[in-house]
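Asker: Position 603 of the sequence shown, counted from 1, bears residue number 633 in this note's numbering, the numbering being contiguous throughout.
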Amino acid sequence: MAAGGLAGLLPAQTQLEYALLDADTPQEKENLVYQYLKKMDSRERDLTVPELGRDLQWLNTEGPISLHKDLCGKVVVLDFFTYCCINCLHLLPDLHALEHQYSDKDGLIIVGVHSAKFPNEKVLDNIKSAVLRYNIVHPVVNDADATLWHELEVSCWPTLVILGPRGNMLFSLVGEGHREKLVLFTSITLKFYKERGQIKDNNVGIKLYKDSLPPSPLLFPGKVTVDNSGERLVIADTGHHRILVTQKNGQILHTIGGPNSGRRDGRFSEAAFNSPQGIAVKNNVIYVADTENHLIRKIDLELEMVTTVAGIGIQGVDKEGGAKGEEQPISSPWDVVFGNSISGTQEDDVLWIAMAGTHQVWALMLEGGKLPKGSDLKKGVCLRFAGSGNEENRNNAYPHKAGFAQPSGLSLASEEPWNCLFVADSESSTVRTISLKDGAVKHLVGGERDPLNLFAFGDVDGAGINAKLQHPLGVTWDKKRKLLYVADSYNHKVKVVDPKMKNCATLAGTGEASNIIGSSFSQSTFNEPGGLCVEENGRLMYVADTNNHQIKVLDLDTKILSMALPILNPEACDVPDNLPVQKDKITNLPKLPKSAPNVQLASLTVAPGQTIQFLLKLTLPPDSKLNEEAPNSWFITAEDNTWLLQGQCLSGEIKDVSCQTIIPFQLPRSHLSAEAILAVKACLYYCSKGSSACMMKGISFSQPLQIASTNQGSLTQVELIHTFLTN
Numbered sequence: 031m032a033a034g035g036l037a038g039l040l041p042a043q044t045q046l047e048y049a050l051l052d053a054d055t056p057q058e059k060e061n062l063v064y065q066y067l068k069k070m071d072s073r074e075r076d077l078t079v080p081e082l083g084r085d086l087q088w089l090n091t092e093g094p095i096s097l098h099k100d101l102c103g104k105v106v107v108l109d110f111f112t113y114c115c116i117n118c119l120h121l122l123p124d125l126h127a128l129e130h131q132y133s134d135k136d137g138l139i140i141v142g143v144h145s146a147k148f149p150n151e152k153v154l155d156n157i158k159s160a161v162l163r164y165n166i167v168h169p170v171v172n173d174a175d176a177t178l179w180h181e182l183e184v185s186c187w188p189t190l191v192i193l194g195p196r197g198n199m200l201f202s203l204v205g206e207g208h209r210e211k212l213v214l215f216t217s218i219t220l221k222f223y224k225e226r227g228q229i230k231d232n233n234v235g236i237k238l239y240k241d242s243l244p245p246s247p248l249l250f251p252g253k254v255t256v257d258n259s260g261e262r263l264v265i266a267d268t269g270h271h272r273i274l275v276t277q278k279n280g281q282i283l284h285t286i287g288g289p290n291s292g293r294r295d296g297r298f299s300e301a302a303f304n305s306p307q308g309i310a311v312k313n314n315v316i317y318v319a320d321t322e323n324h325l326i327r328k329i330d331l332e333l334e335m336v337t338t339v340a341g342i343g344i345q346g347v348d349k350e351g352g353a354k355g356e357e358q359p360i361s362s363p364w365d366v367v368f369g370n371s372i373s374g375t376q377e378d379d380v381l382w383i384a385m386a387g388t389h390q391v392w393a394l395m396l397e398g399g400k401l402p403k404g405s406d407l408k409k410g411v412c413l414r415f416a417g418s419g420n421e422e423n424r425n426n427a428y429p430h431k432a433g434f435a436q437p438s439g440l441s442l443a444s445e446e447p448w449n450c451l452f453v454a455d456s457e458s459s460t461v462r463t464i465s466l467k468d469g470a471v472k473h474l475v476g477g478e479r480d481p482l483n484l485f486a487f488g489d490v491d492g493a494g495i496n497a498k499l500q501h502p503l504g505v506t507w508d509k510k511r512k513l514l515y516v517a518d519s520y521n522h523k524v525k526v527v528d529p530k531m532k533n534c535a536t537l538a539g540t541g542e543a544s545n546i547i548g549s550s551f552s553q554s555t556f557n558e559p560g561g562l563c564v565e566e567n568g569r570l571m572y573v574a575d576t577n578n579h580q581i582k583v584l585d586l587d588t589k590i591l592s593m594a595l596p597i598l599n600p601e602a603c604d605v606p607d608n609l610p611v612q613k614d615k616i617t618n619l620p621k622l623p624k625s626a627p628n629v630q631l632a633s634l635t636v637a638p639g640q641t642i643q644f645l646l647k648l649t650l651p652p653d654s655k656l657n658e659e660a661p662n663s664w665f666i667t668a669e670d671n672t673w674l675l676q677g678q679c680l681s682g683e684i685k686d687v688s689c690q691t692i693i694p695f696q697l698p699r700s701h702l703s704a705e706a707i708l709a710v711k712a713c714l715y716y717c718s719k720g721s722s723a724c725m726m727k728g729i730s731f732s733q734p735l736q737i738a739s740t741n742q743g744s745l746t747q748v749e750l751i752h753t754f755l756t757n
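Structure below.
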C-alpha cells in the first residue's frame, strides 16, 4: 500500500525540485531526474498506488481497467480532476501534448481520475458530457466517492501523479502550469524503464465515447444572445467551435468557424475558434469570448471578417493588464457584455469580460474613457477591473480587493437604481454585483459569508445568503420586469432573482437532468444550461441547454416552454436530390402536444419530381388572437420514408392565420417505394382576448402518396383546413 500517500514522495521530490532550479542545461536536468529515478527504484519498498475498485464506472475504455494488471509495464499519469474546475481545464492542453508525443505503444497511459467537487459531477452522464465537451481521449474513471483521492491524500484539483511500470509512485505535480516538468519527468521515466526492459508495448483497450454519438446540429452550446431587434440570435456552438447567427425561427444566416478547433482570423469560411463561449452583439458586430484560445474576437457581419482584439493566443498569468488588447495575454474568457465608461461620450464603449481563468472581471476599451475608481484609458486597452485574482467569494468596496471564483456569466443593468454588472460566480455558487458608479462588489444570492468557503452550494429557493445555487454559469437582466434570470447550471434549472428583495426562486426546471419540453415551466427539464438571454421586449427567453445540445425557447408571458429551436441550414431549401437528408434536421423539429388531432387526407397520386403546394388555412376559436411573438411554425415529417425529405425546406414560420400559408413540396426525382405517407404539422400559440390565458395547440395532416411513373402534371394543390375549438 501507499505509505503515507503522496507525502511519502515529498522529501525526495523536494530535493529534486531544488536541484532542478540550479540546473542550467536540459542535459543537467535530465541527468538529475535520471539519478532521482535510480534512487526511487532502489527503495526497499515501493510507494504503491492501491488498486481501483472493480465496481467503478469507466469512460473511453472497453471495460474496467486494473492499474496493477492491465497497466503493468506502463508509465501511468493519473490526473485527479473535476470537470467544473478551470485549473483542471487549463491542464488538458498539457495532457493532449503528452498524448501526441507518446502513445500506449510507447508505454505511456494517462488516466483521468474524476473526483467530484459538486454532487452533480458525480453522475456518470454528466462526466460523459464533460469528456466530450473537452475532447478528453484517454481513459477516465468516475471515482465518485473520491476513494483513491483520500487513499493518496490528494488535497487539491488538479493533481498529477506519475507511476512507474509496477504501479510505483514516482512524482506528483499540484496545480496547473507544469508542462515542462510533466514532459521531462515522463520522458525520462520512459527512457529509464525501457533500458531495464520493464516497458510493455501492448495496446490498452481504449474505446472513445465520442465515436458512438450521432451527429447533432448543435454540440454543447454554451451561450446564446439576441440582438436588439429580437429577430436575430447569436449562438456559441461551443462543441463545434463555431458561432451561428440565425433568424428567430432557427434558419441559419451565418456560420463562422468550425467544425474543428483552431485559431485563425480572416473570412468566415477560413476563421477558426476553440470552444467559444460568451457573445455580445450590437448591430452587425459580434464580440466573442474565444475561451480555449484565450482571445477576444470581433466578427463583422457586413465585411464577413473575423479579427482578434484581445489576447495573444496562449494562456496568460497577468492579473493586472493595461496593454493594448492584441498585446495583452488573457486567460479563459468565459463571457462578454457591452457597457459604458463613466466619462465616455459613446454608448457601449466598454466590453466587460468574465475572465474565468484568473477569477476576475476585465474591461476592453472599445473607445477612450474612464472606469469607476480608475484613470483615463485609451481605446484598445485591456485591463483588470475587479477581482484580486485570488479564488475567493470576497466582497469589498474596492474592486481590486474583491475576490471571485471562476466568474462565468455577465449581464448589465445600466438603469437606476441598479447601474451594475451582475456576475454568475460559478465556483462560489453565487450571483454578485459590481457597481458601475464606484466599483463596489456586493453579494446578491447564494454562497455564504466566509469568503474562503467555496463549498456553500445547494438547491434552495430563498433570500440572499439563504438561497443556494450550484455552479451557475449564466445571468441575464430583464429590463421590462426588473428581474434577473440565472442559469443554475448544476441544478439543471433557470432561477429568477428580484434584486430589490434579494429573493431567488425556481422559474423553470425540475432539478432532474433530462430533456422534457413540458406544457409549463415547472414540468420542463434541462441539462446543465450554460447561458440565457431575454428579448428587448421581455417576451421570449432563449436558454442554451448545453448538455441537451439545444436552444430552448421560453415564453415569459404565458410561462410555456414552447420548443427547442430547430437549427435549419440555409441550403435546406436548395439541395440537390442526390444528397441524403440530414438526420439532425429531422430530429430537431418541434414536437406537437399529445392532444393534437391527426387529420387523415385522401390518397394522392403523384409523379417523381412533381411539386405539391399545401395550402394551410387554420382558424382560431372566437375571441382569440395569435401570439405573434411566439415561434408559430409548420413542419414536415415522413417517419418511415425519410428519402422523401431530400432537398426539402422542412419548416417555416406562420405569421398570420388570417391568410393561408403556402407550403411547397417537391418530390425527389428518384423514389424508393411506390407508396409513402407525408405528415404536415403546425404548432400555434394563441391567447383569449378577454383573459391572460394562452394556449399551445397543434395539428397534423397525414397525406398518403401513390407514386406513379407517368406524369401527373407539374403542380398539385392540397388544402389543409382546420378550426381549433374553444377549450
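We treat Cβ as the ideally placed atom computed from N, Cα and C, and that holds for glycine.
Is it right to say L755 is buried, meaning 16 or more other beta carbons lie within 10 angstroms of its own, or is it exposed?
Answerer: exposed
Asker: For G561, does the count of other Cβ atoms within 10 angstroms reach 16, so buried, or fall short, so exposed?
Answerer: buried
Asker: State the Cα-Cα distance for the pair H120 and H126, rounded to the nearest angstrom.
Answerer: 11 Å
Asker: Would you report the Cα separation of D231 and A660, rounded to the nearest angstrom?
Answerer: Between the C-alpha atoms of D231 and A660 there is a straight-line separation of about 60 Å.
Asker: Using a Cβ-Cβ cut-off of 7 Å (strictly less than) and excluding sequence neighbours within five positions of E566, which residues of its own chain qualify?
Answerer: N258, G260
Asker: Roughly how many angstroms lie between the CA atoms of E332 and S441, to the nearest whole one?
Answerer: 26 Å
Asker: Can you list, in chain order, the stretches of the beta strand (DSSP E) that have 3 or more residues and sit fully within the stretch 495-569?
Answerer: 504-508, 513-518, 523-528, 533-538, 561-564
Asker: For Y164, count neighbouring Cβ atoms within 10 angstroms of its own Cβ and tell me buried if that reaches 16, exposed if not.
Answerer: buried
Asker: Please confirm if the stretch 67-85 is in contact with the stretch 167-183, defined as three or more CB-CB distances below 8 Å between the two stretches.
Answerer: Result yes; three or more Cβ-Cβ pairs closer than 8 Å.
Asker: Could you spell out the range, first to last residue, of the beta strand (DSSP E) harbouring C450?
Answerer: 450-455
Asker: Grab the span of the alpha helix (DSSP H) containing V213 for me, first residue to last.
Answerer: 209-225
Asker: Does DSSP put L39 in a helix, in a strand, or in coil?
Answerer: helix
Asker: By DSSP's criteria, I326 is part of a beta bridge. Which residues make up the other side?
Answerer: A319, A340
Asker: Taking the DSSP output, what are the residues bridged to G83?
Answerer: For G83, which the question treats as bridged, DSSP gives no partner whatsoever.
Asker: I'd like the list of long-range same chain contacts for D124, defined as Cβ closer than 7 Å, with 5 residues on each side in sequence excluded.
Answerer: R209, L212
Asker: Please name the residue in D109, M395, D136 whose C-alpha comes closest to that of V191.
Answerer: The residue from D109, M395, D136 with its alpha-carbon nearest to that of V191 is D109.
Asker: Are the CB atoms of A416 and V490 nearer to each other than 7 Å?
Answerer: no
Asker: Between which residues of its own chain and S718 is the CB-CB distance below 7 Å, once the five residues before and five after are set aside?
Answerer: When the five nearest sequence neighbours on each side are left out, the beta carbons in the same chain lying within less than 7 Å of the beta carbon of S718 are those of D653, S654, in order along the chain.
Asker: Measuring CA to CA, which of N150, S456, G93 is closest to L238?
Answerer: G93
Asker: What do you get for P610, buried or exposed, if any count of 16 or more other CB atoms within 10 angstroms of its CB means buried?
Answerer: At P610, the pLDDT of 40 sits below 50, so the modelled position is not reliable; the number obtained from the coordinates is stated separately. With a 10 Å radius around the Cβ and a threshold of 16 neighbouring Cβ atoms, P610 comes out exposed.
Asker: Near K354, which residues of its chain fall below 6 Å by C-beta distance, leaving aside the five closest residues on each side in sequence?
Answerer: G410
Asker: From H701, W673, T649, H324, pick the residue whose C-alpha is nearest to that of I684; which is it?
Answerer: T649
Asker: What does the Cβ neighbour count give for S625, buried or exposed, with the cut at 16 atoms within 10 Å?
Answerer: exposed
Asker: Does DSSP put I642 in a helix, a strand or coil?
Answerer: strand
Asker: Residues in its own chain within less than 6 Å of N578 by CB, not counting five upstream and five downstream?
Answerer: N545, N557
Asker: From this set, I229, V167, F111, R226, which residue's C-alpha is nearest K240's C-alpha?
Answerer: V167
Asker: If you draw a straight line from the C-alpha of E601 to the C-alpha of Y64, how long is it?
Answerer: The predicted model places E601 with a pLDDT of 40, which falls under 50 and marks its position as unreliable, so this point remains unresolved.
Asker: Please state whether DSSP places C713 in a helix, a strand or coil.
Answerer: C713 falls in the strand class under three-state DSSP.
Asker: Where does D267 sit, in a helix, a strand or coil, going by DSSP?
Answerer: strand
Asker: Does the count of Cβ pairs from the stretch 479-498 and the stretch 454-462 closer than 8 Å reach three?
Answerer: Flag = yes, the stretch 479-498 and the stretch 454-462 touch.
Asker: Applying the criterion that 16 or more other CB atoms from any shown protein chain within 10 Å of the CB defines a buried residue, is H130 buried or exposed?
Answerer: exposed
Asker: Taking the straight line between their C-alpha atoms, what separation do you get for F222 and G137?
Answerer: Rounded to the nearest angstrom, the two C-alpha atoms are 12 Å apart.
Asker: Quick check: what's the CA-CA separation for K615 versus T268?
Answerer: Residue confidence is low: K615 scores 44 on pLDDT, short of 50, so the model does not pin down where it sits. No coordinate-derived value is stated.
Asker: Can you tell me whether D585 is helix, strand or coil according to DSSP?
Answerer: Three-state DSSP puts D585 in a strand.
Asker: In or out: T691 buried (at least 16 other Cβ within 10 Å) or exposed?
Answerer: buried
Asker: Exposed or buried, V629, counting other C-beta atoms within 10 Å across all chains shown (16 or more means buried)?
Answerer: exposed
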